[in-house]
Amino acid sequence: MNNNHDQMNRHYEKILPECWPCYDRELRNWPKYSMQGNADKGEHDLVISSVSREDAGNFECQVSPTANQPLLRRSTNLSVLVVPSRPIIMAPPGEPQPTKNGQLVISRPGFSVEDNINDLSSADDKLRLICQAKGGVPAPDFEWFHNGLPMRTSYVGGGGNDVFSTPVADGGAEGEAVLVIPKANLITGDRLTCLVTNKATQRAGNLGQQKLLAEIIVTVQTPPGAPVILSSEESIVDSIIANEGDTVNLMCQSKPPGSPPGELIWRWDQSPSPFQTDSSASSSLSSTVTELNKLPSLQQFSRHTSDGNQLESHLSLPDVKRAQNGLSIVCVTRHKLGMEQKAKILLNVKYAFSGVCIYKNEMSNTRLPGPKSSDNKEECSAQLLSSSQFPRTLYVRPERKQIFSCSTTPFYGQATIKWFGALTINAAEWYDLTNLTSIAELKRGGANGASYIKTVSLRLPPANSMRLGALQCRGYSSADVDFNTHTNIVDQVVLKPYGDSGST
1 MNNNHDQMNR HYEKILPECW PCYDRELRNW PKYSMQGNAD KGEHDLVISS VSREDAGNFE
61 CQVSPTANQP LLRRSTNLSV LVVPSRPIIM APPGEPQPTK NGQLVISRPG FSVEDNINDL
121 SSADDKLRLI CQAKGGVPAP DFEWFHNGLP MRTSYVGGGG NDVFSTPVAD GGAEGEAVLV
181 IPKANLITGD RLTCLVTNKA TQRAGNLGQQ KLLAEIIVTV QTPPGAPVIL SSEESIVDSI
241 IANEGDTVNL MCQSKPPGSP PGELIWRWDQ SPSPFQTDSS ASSSLSSTVT ELNKLPSLQQ
301 FSRHTSDGNQ LESHLSLPDV KRAQNGLSIV CVTRHKLGME QKAKILLNVK YAFSGVCIYK
361 NEMSNTRLPG PKSSDNKEEC SAQLLSSSQF PRTLYVRPER KQIFSCSTTP FYGQATIKWF
421 GALTINAAEW YDLTNLTSIA ELKRGGANGA SYIKTVSLRL PPANSMRLGA LQCRGYSSAD
481 VDFNTHTNIV DQVVLKPYGD SGST
């Protein structure tokens, strides 16, 4: 080719918003671009220094063989691959974020008995994580791994693990993938790994740079397991009976201990008595709370001996009292997650009744004429609280059947009531009236509504009413007793007919 006659102009043009001055081989307006080669050999190379994403596009080489001849053209496309930023793993806004050293603390609530551990749709018990990488061209691909095992896409939208990726492109420069995994599938020490790759990373000579990695180590906080209360024989019980003055020994255990370990707390509680009406239960609620606050704190009698497998606390409650009969002793787990579980045991304290009282049951609502007598329950209760040693007087109509009742003070245990009659209050001989008594009646009473009050009624026919001048009710704190044995639990009354001139 004769350079004088076959003058050739070769031009390289990049398709840009600005026109590339194809006639200017020095490319003064494009400092990154230069043409190199051997013109005699027809070699004209376009060299781009410090290639960046902005250099991507179509390039064209134009050749003018002779004047007034059409240009010869050949074009090519330049794709610039950009390695994305090193990925980061983060949680959605408002949720706990991983630390700078890749530690993530999550909380996993425990499951109650009513929960179905396989049904995770009823509660928001899932961990959501976002793996994000910026600046990659083309947009990067993401992979999630759990302890080195890939998350299978078959889990998407199904049970078990919900894993899905959502590329978010901004001109193909950014991307992210979201992982959703049930917290129940995670334990402390688990590794969650995100790998990011695109065509740029795959061209790296170092295998370790062909996939970019972000990883977090999970620490799972869990509450302690449900507590159980054991007796001194280490058997699970829901109630315990002790004599007044005894020491009650109990042990509370919770497995597992929780992460981090929780603690066990002992306290008093009182459930409404099943024998109370709604109105009486509500009216006594405030007084119940006050009484519980007056009881000694159970924590001062407890000793904790926990280890890595369980929480354990021993309670040694000394000198139990009748006022504690019917109360519940509660063992509660406490944890920084705020979830509280409890177990309770009913405490029954055996104690004897301290007195008996005789009162008369009127046969009708009509008040009989005569002197006022202490024949009602209110005055009977007052008499039990008094220290008077003088027998009360009950006025009767001897020609009619008379009904008397004898009731104990509250007790928890055994109680036996026996009726006796005599001609006078000072008689040496008292007659057993068992054949004239009714079946014993038990009703709830006393502190906390957990004790008993026993009542035995005496039905005196007219003939007996005319012959007897005194009645005596004796109480025994046993079911098997010799009734001739002396007892200090006695109430006795003098019987006088209405209209007796000797009455006052």
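According to the UniProt record's numbering, the sequence shown holds residues 1 to 504 in order.
For every residue, glycine included, the Cβ atom is placed at its ideal position computed from N, Cα and C.
Predicted model only: the values in this text are computed from it and were never measured.
Three-state class that DSSP yields for Gly-205 in the structure shown: Reading the sequence shown from its first residue, position 205 is the one you call residue 205. Coil at Gly-205, not helix or strand.
My understanding is that Phe-411 touches Tyr-476, with C-beta atoms under 8 Å, so please give their C-beta distance in whole angstroms. Along the sequence shown, one-based indexing puts residue 411 at 411. Along the sequence shown, one-based indexing puts residue 476 at 476. The beta-carbon distance between Phe-411 and Tyr-476, rounded to whole angstroms, is 11 Å. This is too long to meet the 8 Å contact definition.
For a test of the three-state rule: what should DSSP assign to Asp-432, helix, strand or coil? Locating residue 432 in the sequence shown gives position 432, counting from the first residue. Correct three-state label for Asp-432: strand.
Classify Gly-136: buried if its beta carbon has 16 or more other beta carbons within 10 angstroms, exposed otherwise. Indexing the sequence shown from 1 puts residue 136 at position 136. Buried, by the Cβ-count rule.
Closest Cβ-Cβ distance between Gln-210 and chain E: below 8 Å? Within the model displayed, chain E is absent; a lone protein chain is all it includes.
Could you tell me whether the stretch 350 to 364 touches the stretch 232 to 247, using the rule of 3 or more Cβ pairs below 8 Å? Using a C-beta cut-off of 8 Å, the stretch 350 to 364 makes contact with the stretch 232 to 247, since at least three inter-stretch Cβ pairs fall below that distance.
Taking 8 Å as the cut-off, decide whether the C-beta atoms of Pro-92 and Val-196 are in contact. For this step, residue 92 is matched to residue 92 along the sequence shown. For this step, residue 196 is matched to residue 196 along the sequence shown. Contact flag unset, no.
Contact check, Ala-343 vs Cys-331 under 8 Å by CB: the rounded distance? As a first step, residue 343 is located in the sequence shown; it is residue number 343 there, counting from the start. As a first step, residue 331 is located in the sequence shown; it is residue number 331 there, counting from the start. That pair is a contact at about 5 Å.
Per DSSP, Ser-34 forms a beta bridge with which residues? Locating residue 34 in the sequence shown gives position 34, counting from the first residue. Val-47.
Could you tell me the boundaries of the beta strand (DSSP E) in which Pro-497 lies? Locating residue 497 in the sequence shown gives position 497, where the first residue counts as 1. Membership of Pro-497 in the beta strand (DSSP E) is indicated by the continuous run 490 to 497.
Alpha carbon of Ile-473 to alpha carbon of Thr-485, nearest angstrom: Taking the first residue of the sequence shown as position 1, residue 473 is located at position 473. Taking the first residue of the sequence shown as position 1, residue 485 is located at position 485. A quick correction: the sequence has Cys, not Ile, at residue 473. A straight-line Cα-Cα distance of about 14 Å links Cys-473 and Thr-485.
Reference Ile-298, options Pro-138, Asn-309, Ser-316, Lys-126, closest by Cα: In the sequence shown, residue 298 corresponds to position 298, counting from 1. For the sequence presented, residue 298 should be read as Leu rather than Ile. Per the Cα distances, Ser-316.
Looking only at its chain, what residues have a beta carbon closer than 8 Å to the beta carbon of Val-481, apart from the 5 residues adjacent to it on each side? Taking the sequence shown and counting its residues from 1, one reaches residue 481 at position 481. Around Val-481, the same chain offers Thr-416 as residues with beta carbons nearer than 8 Å, after the five sequence neighbours per side are excluded.
Simplified DSSP state of Ala-447, which is helix, strand or coil: Walking along the sequence shown from the start, residue 447 turns up at place 447. In this structure, Ala-447 counts as helix in the three-state DSSP scheme.
CA-to-CA distance, Gln-69 to Pro-87, given in whole angstroms: Taking the sequence shown and counting its residues from 1, the one referred to as residue 87 is at position 87. Taking the sequence shown and counting its residues from 1, the one referred to as residue 69 is at position 69. Each residue's CA atom was taken as its position, placing Pro-87 and Gln-69 some 55 Å apart.
May I ask you to list the residues that DSSP assigns as paired with Gln-402? Within the sequence shown, the letter at position 402 stands for residue 402. Partner(s): Leu-460.
Quick check: does the Cβ of Arg-459 come within less than 7 Å of any heavy atom belonging to the ligand SAM? The ligand SAM is not among the ligands present in this structure, which contains no ligands whatsoever.
Are the stretch 302 to 313 and the stretch 195 to 215 touching, with three or more C-beta to C-beta distances below 8 Å? Output reads no: the stretch 195 to 215 does not touch the stretch 302 to 313.
First through last residue of the beta strand (DSSP E) which encompasses Asp-238: Residue 238 sits at position 238 when you count from the first residue of the sequence shown. Where Asp-238 is concerned, there is no enclosing beta strand (DSSP E), given that its DSSP letter is neither H nor E.
Is it buried or exposed, Asn-116, if we count other Cβ atoms within 10 angstroms and call 16 or more buried? Numbered from 1 along the sequence shown, position 116 holds the residue referred to as residue 116. Model confidence at Asn-116 stands at a pLDDT of 43, short of 50, so the residue's coordinates are unreliable and nothing is read from them.
Give every residue of the same chain whose Cβ lies closer than 8 Å to the Cβ of Ser-478, excluding the five residues on either side of it in the sequence, and list them in chain order. Your numbering for residue 478 matches position 478 in the sequence shown. Excluding sequence neighbours, Ser-478 sits near Gln-414, Thr-416.
Return yes when the Cβ of Leu-327 is within less than 8 Å of the Cβ of Gln-253, no when it is not. Working through the sequence shown from its first residue, we reach residue 253 at position 253. Working through the sequence shown from its first residue, we reach residue 327 at position 327. Contact: no.
Going by beta carbon distance, what residues of the same chain come within less than 7 Å of Asn-77, once the five residues before and after it are set aside? Here residue 77 refers to the residue found at position 77 of the sequence shown. By the criterion of a C-beta distance shorter than 7 Å, Asn-77 is surrounded in its chain by Asn-58, once the five residues flanking it on both sides are discounted.
Where the beta strand (DSSP E) containing Tyr-351 begins and where it ends: The residue given as residue 351 occupies position 351 in the sequence shown. The continuous stretches of beta strand (DSSP E) do not include Tyr-351, and DSSP gives it neither H nor E.
By the 10 Å Cβ neighbour count, where 16 or more other Cβ atoms means buried, how is Ser-364 classified, buried or exposed? For the purposes of this step, residue 364 is taken as residue 364 along the sequence shown, with counting starting at 1. Caution applies to Ser-364, whose pLDDT of 46 falls short of 50 and renders its modelled position unreliable; the value that the coordinates give is listed next. With fewer than 16 other Cβ atoms within 10 Å, it is exposed.
For Ile-425, which option in Ala-470, Lys-443, Phe-390 has the closest C-alpha, if you only look at C-alpha atoms? As a position in the sequence shown, residue 425 is number 425, starting the count at 1. Ranking Ala-470, Lys-443, Phe-390 by Cα distance to Ile-425 puts Ala-470 first.
Count the other C-beta atoms from every protein chain shown that fall within 10 angstroms of the C-beta of Val-490, then say buried if there are 16 or more, exposed otherwise. Here residue 490 refers to the residue found at position 490 of the sequence shown. Counting Cβ neighbours within 10 Å, Val-490 comes out exposed, since fewer than 16 surround it.
For Pro-318 versus Glu-399, is the C-beta distance shorter than 8 Å? Position 318 of the sequence shown, counting from 1, holds the residue named residue 318. Position 399 of the sequence shown, counting from 1, holds the residue named residue 399. For the 8 Å CB-CB criterion, Pro-318 and Glu-399 do not form a contact.
Which residues DSSP lists as bridging His-304, in chain order: Against the sequence shown, residue 304 aligns to sequence position 304. DSSP lists Ser-313 as partners of His-304.
Nearest-angstrom Cα distance between Ala-447 and Ile-403? Taking the first residue of the sequence shown as position 1, residue 447 is located at position 447. Taking the first residue of the sequence shown as position 1, residue 403 is located at position 403. Between Ala-447 and Ile-403, the C-alpha separation is close to 29 Å.
Compute the beta-carbon to beta-carbon distance between Asp-55 and Val-80, rounded to the nearest angstrom, for a pair I have assumed lies under 8 Å. By one-based count along the sequence shown, residue 55 stands at place 55. By one-based count along the sequence shown, residue 80 stands at place 80. The distance from the Cβ of Asp-55 to that of Val-80 is about 6 Å, consistent with a contact at the 8 Å cut-off.
Could you please give me the residues that DSSP links to His-146 through a beta bridge? The residue given as residue 146 occupies position 146 in the sequence shown. Beta bridge pairing from DSSP links His-146 with Leu-149, Leu-192.
Using three-state DSSP, classify Val-210 as helix, strand or coil. Counting from one through the sequence shown, the residue named residue 210 turns up at place 210. It should be noted that the sequence gives Gln, not Val, for residue 210. If DSSP states are grouped into helix, strand and coil, Gln-210 belongs with coil.
Would you kindly work out how many angstroms separate the C-alpha atoms of Thr-219 and Gly-308, rounded to a whole number? Residue mapping note: residue 219 aligns to position 219 of the sequence shown, counting from 1. Residue mapping note: residue 308 aligns to position 308 of the sequence shown, counting from 1. So the two alpha carbons sit approximately 16 Å from each other.
Tell me which residues share the same chain as Ser-259 and place their Cβ nearer than 7 Å to its Cβ, disregarding the 5 neighbours each side in the sequence. To locate residue 259, count along the sequence shown from 1; it is residue 259. Cβ within range, chain order: Thr-188, Val-220, Gln-221, Thr-222.
Cα-Cα separation between Arg-203 and Gln-210, rounded to whole angstroms: Residue mapping note: residue 203 aligns to position 203 of the sequence shown, counting from 1. Residue mapping note: residue 210 aligns to position 210 of the sequence shown, counting from 1. In this structure, the straight-line span from the alpha carbon of Arg-203 to that of Gln-210 is close to 7 Å.
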